[in-house]
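Just so you know, we're using my numbering here: the sequence shown kicks off at 17 and counts up by one.
All C-beta atoms, glycine included, are put in the ideal place defined by N, C-alpha and C.
Keep in mind that this is a model prediction, so the values were computed, not measured.
To start, the structure itself, in structure tokens.
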Amino acid sequence: MEKLVASGGIALVAFVGIVLFVIGVLGFLMPVYIYMIKNRMDIVTGELKKLNSALSDLKYENTKINMNMTDFISRLDAGDQG
């Protein structure tokens, strides 16, 4: 009976030790992971801002082309070939 109680105590101490070790490792690694994720998000945000700027430029160019085409078509309708 004493051996059974002793082995149960050893198992309990080992289990608690493993749990504390896992919590310690996670407590150390989580800030590293959070830092890495934050850096990735900053990179993604920067790329999205560049993409948004490029799309704005494209929209502006498209508007210019549409205005030129509208002007060209209206001049064609008026009979002006120049």
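Using the three-state DSSP reduction, which class does residue i fall into: helix, strand or coil?
{"i": "G95", "result": "coil"}
Between residue i and the rest of its own chain, which residues show a CB-CB distance below 6 Å, the 5 nearest in sequence each way excluded?
{"i": "S72", "result": "none"}
Once the 5 residues before and after residue i are set aside, which same chain residues still bring their CB inside 7 Å of it?
{"i": "L67", "result": "none"}
Q) In chain order, which continuous runs of the beta strand (DSSP E) of length 3 or greater are located wholly inside the segment 31–55? A) none
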